[in-house]
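As C-alpha cells, the structure follows; a few thoughts come after it.
2 protein chains.
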Amino acid sequence: MQETRLDTARIRAARRVIDPIFLNTPLYRCEPLEPALGCTVSIKLETANPVRSFKGRGTEVVASLLADIGSRAVVCASAGNLGQALAWSARGRGLDVTVVASRFATAAKLDRIRALDARLELVDGDHEMARERAAAIARHDGIRLLEDSLDIETCEGAATIGLELVDTAPSFDTVLIALGGGALATGVGHVVKALAPDVEVICVQPLGAPAMTHSWRRRRVVTTDSTNTIADGVAGRCPIPAVLDDLLLVADDAVLVQEASIIAGMRMLLDHAGLVVEPSAALGVAAILEDRDRFAGRHVVTIVCGSNVDVDAYHRWVGAAPVHRS
Amino acid sequence: MQETRLDTARIRAARRVIDPIFLNTPLYRCEPLEPALGCTVSIKLETANPVRSFKGRGTEVVASLLADIGSRAVVCASAGNLGQALAWSARGRGLDVTVVASRFATAAKLDRIRALDARLELVDGDHEMARERAAAIARHDGIRLLEDSLDIETCEGAATIGLELVDTAPSFDTVLIALGGGALATGVGHVVKALAPDVEVICVQPLGAPAMTHSWRRRRVVTTDSTNTIADGVAGRCPIPAVLDDLLLVADDAVLVQEASIIAGMRMLLDHAGLVVEPSAALGVAAILEDRDRFAGRHVVTIVCGSNVDVDAYHRWVGAAPVHRS
Chain A
1 MQETRLDTAR
11 IRAARRVIDP
21 IFLNTPLYRC
31 EPLEPALGCT
41 VSIKLETANP
51 VRSFKGRGTE
61 VVASLLADIG
71 SRAVVCASAG
81 NLGQALAWSA
91 RGRGLDVTVV
101 ASRFATAAKL
111 DRIRALDARL
121 ELVDGDHEMA
131 RERAAAIARH
141 DGIRLLEDSL
151 DIETCEGAAT
161 IGLELVDTAP
171 SFDTVLIALG
181 GGALATGVGH
191 VVKALAPDVE
201 VICVQPLGAP
211 AMTHSWRRRR
221 VVTTDSTNTI
231 ADGVAGRCPI
241 PAVLDDLLLV
251 ADDAVLVQEA
261 SIIAGMRMLL
271 DHAGLVVEPS
281 AALGVAAILE
291 DRDRFAGRHV
301 VTIVCGSNVD
311 VDAYHRWVGA
321 APVHRS
Chain B
1 MQETRLDTAR
11 IRAARRVIDP
21 IFLNTPLYRC
31 EPLEPALGCT
41 VSIKLETANP
51 VRSFKGRGTE
61 VVASLLADIG
71 SRAVVCASAG
81 NLGQALAWSA
91 RGRGLDVTVV
101 ASRFATAAKL
111 DRIRALDARL
121 ELVDGDHEMA
131 RERAAAIARH
141 DGIRLLEDSL
151 DIETCEGAAT
161 IGLELVDTAP
171 SFDTVLIALG
181 GGALATGVGH
191 VVKALAPDVE
201 VICVQPLGAP
211 AMTHSWRRRR
221 VVTTDSTNTI
231 ADGVAGRCPI
241 PAVLDDLLLV
251 ADDAVLVQEA
261 SIIAGMRMLL
271 DHAGLVVEPS
281 AALGVAAILE
291 DRDRFAGRHV
301 VTIVCGSNVD
311 VDAYHRWVGA
321 APVHRS
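Heads up: the protein sequence lines correspond to chains A and B, in order.
So the first sequence is residues 1 to 326, counted in UniProt numbering.
So the second sequence is residues 1 to 326, counted in UniProt numbering.
As C-alpha cells, then:
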C-alpha cells in the first residue's frame, strides 16, 4: 500500500513505553451476540483499565516523550476520554495538564478529568470550539498542544490495538472501528493493512456526525455545521486533512449508522455480553445490525473502545426492558 | 505454612494447559470506587472471556487431562458457571458433558450451558441435590464426576489467578475472595500465602449461605438446612472436609455480608466501574461497605469472578435510580 504517516516499527517501539495496564486487552469470541447478528463476533475490549477507554495507549506515548524531553505542561481539547487518559498518564510524570472541553460533554468524563488533577476549562460550544481554545492556550502559554488524531503519537498508541489483533486472532475477516477524529481508525487500519492485508477495515460513524465519512467518500475534507448524536466520543465536524489522507489509504469502507442502531447495539452488548459501553463503542454492532447480509457468515472483530457514560443517560438509553433477548 | 492439597509447581504447570483467553486478565486500580470505600481498590476482572467467569481456568485443566487420557464423558453439578465453562472446554475436545443443575438456577447460565451443546439435567431441589444426582450419574454411567472445589484441578485453575496477582501487583495488602465451595479461595489463598505471605486473605460469603464460613470459624464442617441469597454462585450448604482443611490453612478471615450490601456492591461496580457483575462478584465490595474502618487506607484487591446474570433480575437489583453517586 501507499505509505501512511504511520510506521509499524515505530508502533512496536511505542508499545514498549505504554504502561502494560493498557496492553494485551481481552479479545474473545462472544457467541451470545451471534444469533442476533448473523455472523461470528469477537470483541476487543478496551474498557477494563483505569480510564475505561483505549486513549491511554496514545497518552502514554505522548506523556512518556514529554517527560523525556523535560516538558512541564501540555494542553488538549477532548470530548472527555483523551483528557482523562492524558491526565492519568501525566500524573506521576510531573506534567501539568489542561483539558479544554465542551460544557455539553459527558459529565462523568469531566468529573474524572478533574479527579485526576488536570485543569479543566469548559467552552460554551462544541468540540471544534474546544479545539480552537486549546490551540490558543498552547500559543499563549508556549506549551505543547496535543491534537488527537493529528499528532502521530495518538495514532501510534491506538495502532498498538492493531498489533494485538493481528498477533492474536489472524483468522478474522473484518474489523469494525469507531470513526471520529481518525486516530483509532488510521492506527488500527495501518497495522491491519500492513500485516494482515486481507482483513477488511470498516469505519463506522453516526449519521448525526458524518463529516469524516463524507470526506472519505469524496476523497476531500467535508465539514458539517453541527452534529447530532449521542456518540459524544466521535462527534467532530472538521476532519483533519492529514488524517483523511491516511484514512483513504487504510479504510476499505466507511459507513454511517442511525442513533436507534447505536442504542440497540448498546442494549445488545449489555444483554448478551454483560458489557456497559459508551455509544461510540456500540458503533460496530450498530453497523452489523443495519446490514446483516453484508456480514453474514463472516468473522467480525469489533473494538469496544470506551465505557465512560453518565449513568442516568445510560439507564435511559438501555431502558428497563431489554430488547433482542435470544 | 502447613501444606494444603495444592502445589505451586503444579499450579504453574496447570497454567500452561489453559487456553490463553482465560489468562492474564485485567488487574487495575479503580479510583472512582475509592471515595465511597475509603481504601485503595484494585479489580481483578474475570468476566471478559467467552464464559464470563473464572471457571474456565479450572475446566481447561480438567478437559485437557481428560482428553489426554482418552476420556469421552464427564458430568458435574453446577450452579451454572462451572457447567458453562466445562461445556466450553469440552467442546472441540470430543468430550460429552452432562451438567446437573437446580431448576432454580439462573436462567441465563442454563441457556448458555445448552447453547454450548452440553446435556443439561435439572433437579427439583437445590445445588446439594444436583451434586447427589451428578454423583449418581457418574456411578451409573461409569464416567468422570467433576466435583468443584474437591477436585484439585478446579482449585489449581482458580489458583492461577493468584499467580497473576502476586506477579503483577506485589504491593497490595488484602485480597477479597468470594467463598462458595472453596476452589477460588483455597486456590488463590494457597498461592498468596506461598508467594506473598504478608498479604491478607479474606473470604466473603453471604449471610444467607454461611456454611463454609461457619465451618472455617469452628474448624469443623458445619452444614445448613437451606440457603437464602441472590448470590447463586456461592450458595452451598454442605462444605467438603478436604476443602475446609485447606481453607483453614490459607484464609486469614472469613466474613459474612448482608444481601443489601451485595446489591449495593453491584450498583457501585456498575455506577463507578462500568461493570456488570453477578452477585457473587460483588461480595468483596460488600465486605468493604460493611466494615470500612477495617480496610481504611489499605490496598485491597477484589476478584470480580463472574458476570452471568439474568438481565431482568439484574435491572431489578441495580434499579433505575443509581445509589452511591460520588
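Built from N, CA and C at the ideal position, the CB exists for glycine as well.
_Validate contact between the segment 246-256 of chain A and the segment 189-203 of chain A using beta carbons, cut 8 Å, 3 pairs_ = yes
_Residues near residue 10 (chain B) in its chain [Cβ-Cβ closer than 7 Å; skip 5 each side]_ = If we look at residue 10 (chain B) and ignore the five residues flanking it on each side, its Cβ neighbours are 156.
*Residue range of the unbroken alpha helix (DSSP H) whose run includes residue 8 (chain A)*: In the DSSP assignment, residue 8 (chain A) falls within the unbroken alpha helix (DSSP H) covering 8-17.
*asked:* By the DSSP assignment, the beta strand (DSSP E) with residue 102 (chain A) in it spans what residues?
replied: 96-102
_Alpha-carbon spacing of residue 322 (chain A) relative to residue 13 (chain A), whole angstroms_ = In this prediction, residue 322 (chain A) has a pLDDT of 38, which is less than 50 and means its spatial position is unreliable; what the coordinates show is noted afterwards. Distance between the alpha carbons of residue 322 (chain A) and residue 13 (chain A): 44 Å.
*By a C-beta neighbour count over all protein chains shown, 10 Å radius and 16 as the cutoff for buried, is residue 140 (chain A) buried or exposed?*
exposed
*What is the DSSP secondary structure of residue 323 (chain A), counted as helix, strand or coil?*
Caution applies to residue 323 (chain A), whose pLDDT of 37 falls short of 50 and renders its modelled position unreliable; the value that the coordinates give is listed next. Residue 323 (chain A) falls in the coil class under three-state DSSP.
*asked:* For residue 86 (chain A) and residue 152 (chain A), I'd like the C-alpha separation in whole angstroms.
replied: Looking at the two C-alpha atoms, the distance is approximately 15 Å.
*When the Cα atoms are used, what is the spatial distance from residue 325 (chain B) to residue 309 (chain A)?*
Unreliable placement is indicated for residue 325 (chain B), whose pLDDT of 34 sits below 50; no coordinate value is reported for it.
*Evaluate contact between the segment 285-303 of chain B and the segment 211-218 of chain B, counting only Cβ atoms and requiring at least three cross-stretch pairs below 8 Å.*
no
*Could you please give me the residues that DSSP links to residue 44 (chain B) through a beta bridge?*
B:27, B:303
*Is residue 241 (chain B) buried or exposed, if buried means 16 or more other CB atoms sit within 10 Å of its CB?*
exposed
*Counting Cβ pairs, one atom from each stretch, are 3 or more of them under 8 Å apart for the segment 123-130 of chain B and the segment 26-37 of chain B?*
no
_heavy atom of the ligand ATP below 7 Å from residue 199 (chain B) C-beta_ = This structure simply doesn't include the ligand ATP, nor any ligand for that matter.
_Which residues DSSP lists as bridging residue 174 (chain A), in chain order_ = A:200, A:300
*asked:* Using a Cβ-Cβ cutoff of 7 Å, what residues of the segment 34-65 of chain B are near chain A? List them in chain order.
replied: 45, 47, 48, 49, 50, 52
*To which residues of the same chain is residue 168 (chain B) closer than 6 Å at the C-beta, ignoring the five residues directly before and after it?*
27
_Nearest-angstrom beta carbon gap, residue 18 (chain B) and residue 49 (chain B) [assumed within contact, 8 Å]_ = No, residue 49 (chain B) and residue 18 (chain B) are not in contact; Cβ-Cβ is about 11 Å, not under 8 Å.
*beta strand (DSSP E) segment containing residue 253 (chain A), residue limits*: 253-257
_Amino acids of chain B, ordered along the chain, whose beta-carbon sits closer than 8 Å to that of residue 270 (chain A)_ = In chain order: 276, 311.
*chain B residues whose Cβ lies nearer than 7 Å to that of residue 121 (chain A)*: Within chain B, no residue comes near residue 121 (chain A); the closest Cβ sits about 22 Å away, beyond 7 Å.
*How would you label residue 92 (chain B), buried or exposed, when you count the other beta carbons within 10 angstroms and need 16 or more for buried?*
In summary, residue 92 (chain B) is exposed, with fewer than 16 beta-carbon neighbours lying within 10 Å of its beta-carbon over all protein chains present.
*How many angstroms separate the CA atom of residue 166 (chain B) from the CA atom of residue 187 (chain A)?*
34 Å
*Pick helix, strand or coil for residue 339 (chain A), following the three-state DSSP scheme.*
Given a span of 1 to 326 for chain A in the structure shown, any question on residue 339 (chain A) remains unanswerable.
*Would you say residue 21 (chain B) reaches chain A, if we count a Cβ-Cβ gap shorter than 8 Å as a contact?*
Answer yes: the Cβ-Cβ gap between residue 21 (chain B) and chain A drops below 8 Å somewhere.
*asked:* With three or more C-beta pairs closer than 8 Å as the rule, is the segment 41-55 of chain B touching the segment 75-85 of chain B?
replied: Yes: at least three Cβ pairs fall under 8 Å.
*Excluding the 5 residues preceding and the 5 following residue 200 (chain A) in the sequence, name in chain order all residues of the same chain whose CB lies nearer than 7 Å to its CB.*
173, 174, 252
*Does the distance from the CB of residue 306 (chain A) to the CB of residue 189 (chain A) come in under 8 Å?*
no
*Of all the residues that make up the segment 67-95 of chain A, which are near chain B by a beta-carbon distance shorter than 7 Å?*
Per Cβ criterion, the list is empty.
*With a Cβ-Cβ cutoff of 8 Å, do residue 262 (chain A) and residue 231 (chain A) count as a contact?*
yes
*Mind reading off the beta-carbon distance from residue 66 (chain B) to residue 144 (chain B)? Whole number of angstroms is fine, and I expect it under 8 Å.*
The distance from the Cβ of residue 66 (chain B) to that of residue 144 (chain B) is about 6 Å, consistent with a contact at the 8 Å cut-off.
*asked:* I want to see whether chain B comes within less than 8 Å of residue 115 (chain A), judged by CB atoms only; does it?
replied: Taking 8 Å as the threshold, the shortest C-beta distance from residue 115 (chain A) to chain B falls below it.
*Any idea if residue 180 (chain A) is buried or exposed, counting beta-carbon neighbours within 10 angstroms, 16 or more meaning buried?*
buried
_Under 8 Å between C-beta atoms of residue 178 (chain B) and residue 280 (chain B)_ = The answer is yes: Cβ separation under 8 Å.
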